[in-house]
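Quick note on full-length UniProt numbering: the sequence shown kicks off at 1 and runs consecutively.
Beta carbons are placed, not taken as given, at the ideal position from N, Cα and C, and that holds for glycine.
To start, the structure under review is shown below, and the notes come after it.
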Amino acid sequence: MKHMKKGSRWPVNPVVWVIVALLVILGGYKFFYPNHVEPEHTTARQSSSTKVIDVEEGSSSAKKATTKKHKHKSSKDKLWTKKQDAKLAAFISDWQQTMGQSYTGTNSGSSVTFQGVTLPDYLSTGTIYVNQQPVTMKWTTNKKDGSDYQVVAAYAGTQYLYLFTFHQQTPEVLVTSQAASDGVNFKVTENAQLVNGFQNIVNGQSESTNSSQQ
């Protein structure tokens with residue numbers, strides 16, 4: 001029986017060496033960089049949270065800005081306010097005493113009647129003239145209304161009916177002393193104190209009473 005030569009070894013498959021080398025490399029990488037991936041996840045979560053907050057804050061700010069813009073626009077489009085209407089009522093209360101007369105107004109949503117003409121209803125059903133010229137009138141506080149006159153208040157006494165209006169966005173007080181079956185004819189009042197009082201209320205100034213003209 002022949003004996004194997006001394007010093008001979010079993011051949012080693014090269015694939016085994018490749019596997020061993022890969023295990024050594026992976027083991028070393030894990031040893032030196034055990035937490036390498038974790039900071040990226042943490043950073044991603046923090047970045048995501050920050051973005052969500054930014055979007056929510058931006059949305060809230062946009063809503064506030066839109067609300068303010070809407071309120072500003074609404075007040076800017078108005079010719080007349082409830083506060084001004086109350087000031088006019090207080091002014092007429094003092095003014096009528098200096099005139100020795102008594103007037104009923106449309107403040108607080110009331111209607112007034114003068115010689116069979118009821119306001120504000122008549123503005124949408126009757127014929128109206130200013131200085132004998134037919135005009136269009138509308139009971140409104142909208143600055144963008146297309147009528148010739150925007151009427152914001154009316155005060156009726158036994159002798160006169162006053163309309164507080166805006167004509168081409170300028171405050172104007174009209175007066176009539178007679179209502180006819182074919183329409184009502186107004187003219188601009190000559191009562192300077194009444195005109196000044198209305199203009200001062202429109203402009204946010206104080207008003208005074210002292211006049212006796214129609």
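Asked, Found
"Under 8 Å between C-beta atoms of His167 and Asp182", "no"
"Simplified DSSP assignment, three categories, for Lys144", "coil"
"Own chain residues within Cβ distance below 6 Å of Leu194, not counting five before or after", "Val173"
"Environment of Pro39 [buried if 16+ CB atoms lie within 10 Å]", "Annotation note: pLDDT 48 at Pro39 (below 50); position unreliable, coordinate value reported separately. That one is exposed."
"For Pro39, three-class secondary structure by DSSP", "Reliability of the predicted coordinates at Pro39 is poor, the pLDDT of 48 falling under 50, and no value is obtained from them."
"Three-pair Cβ contact test at 8 Å for the segment 109 to 122 versus the segment 199 to 206", "no"
"Terminal residues of the beta strand (DSSP E) in which Lys187 lies", "Gly183 to Val188"
"Coil, strand or helix - Tyr155 by DSSP", "strand"
"For Phe166: DSSP bridge partner residues", "Gln150 and Pro171"
"DSSP-derived helix/strand/coil call for Gln115", "coil"
"Identity of the residues DSSP links to Gln133 by a beta bridge", "Val130"
"Nearest-angstrom Cα separation, counted from Gln101 out to Trp95", "9 Å"
"Cβ-based burial, Asp85 [other Cβ within 10 Å; buried from 16]", "buried"
"Beta-carbon proximity of Gly116 to Ala156, cut-off 8 Å", "no"
"Proximity to Phe164 [Cα-Cα], best of Asp77, Ala89 and Leu23", "Ala89"
"Collapsed DSSP secondary structure at Gly105 in the structure displayed", "strand"
"Assigned exposure category for Thr42 - 16 Cβ within 10 Å defines buried", "Caution applies to Thr42, whose pLDDT of 47 falls short of 50 and renders its modelled position unreliable; the value that the coordinates give is listed next. Burial call: exposed."
"Close beta carbons around Asn131, own chain, < 7 Å, minus the five adjacent residues each side", "Lys187"
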